[in-house]
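Asker: Going by the working numbering, 174 is the number at position 84 of the sequence shown; the sequence numbering is gapless. The beta-carbon is built from N, C-alpha and C at its ideal position, and this holds for glycine as well.
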Amino acid sequence: KLTWLADTPTAPTIPAVMVNFDNLISKGIITKTDDFKQFVNKNSKTEVILAGEPELASVKKGDVIQLQRRGFFICDQPYEPTSPCVLFSVPDG
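(1) Is it buried or exposed for A106, if we count other Cβ within 10 angstroms and need 16 for buried?
(2) How about L95 and E143: are their beta carbons less than 8 Å apart?
(3) In this structure, how does DSSP classify P144 when only helix, strand and coil are distinguished?
(4) Can you give me the C-alpha to C-alpha distance between E170 and G118, rounded to a whole angstrom?
(5) Would you give the residue range spanned by the beta strand (DSSP E) that Q167 belongs to?
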C-alpha cells in the first residue's frame, strides 16, 4: 500500500519506523509433552521505514494515532532531528 507525500522545503517529510509484532508462539496450545522452543516465532518483530507527514514531529510518547490504510499505532519514541519517530502497531483483534 502506498500513499504519496510531497517533500517540500516548507513541509519536509519526517523519518519514522513502523514496528509490527506477531505472536511469540506459533502453536495455539502447547501441551506438557511439547518442547515450546520448537514453536517460538523467531520473526515476531518486523520494522518498516516510513516517510511521514510533517505532523508526525508533534506526536508525543504514548500518543495513539491512525495511519491511513495501516492501522492504529502508539508512539514509543517521538521524532527528534537525530532519530526517527518509532511507532508500535496496536493489535486490532
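Answerer: So, from the data block:
(1) Residue numbering aside, residue 106 sits at position 16 when the sequence shown is read from its first letter. When all chains shown are included, A106 counts as buried.
(2) By 1-based counting over the sequence shown, the position of residue 95 is 5. By 1-based counting over the sequence shown, the position of residue 143 is 53. In contact: L95 and E143 (Cβ atoms closer than 8 Å).
(3) Looking up residue 144 in the sequence shown gives position 54. Three-state DSSP puts P144 in a helix.
(4) Along the sequence shown, read from residue 1 onward, the residue named residue 170 stands at position 80. Along the sequence shown, read from residue 1 onward, the residue named residue 118 stands at position 28. If you take the alpha carbons of E170 and G118, they lie about 40 Å apart.
(5) The residue you call residue 167 lines up with position 77 of the sequence shown. G161 to Q167 is the span of the beta strand (DSSP E), which, as asked, contains Q167.
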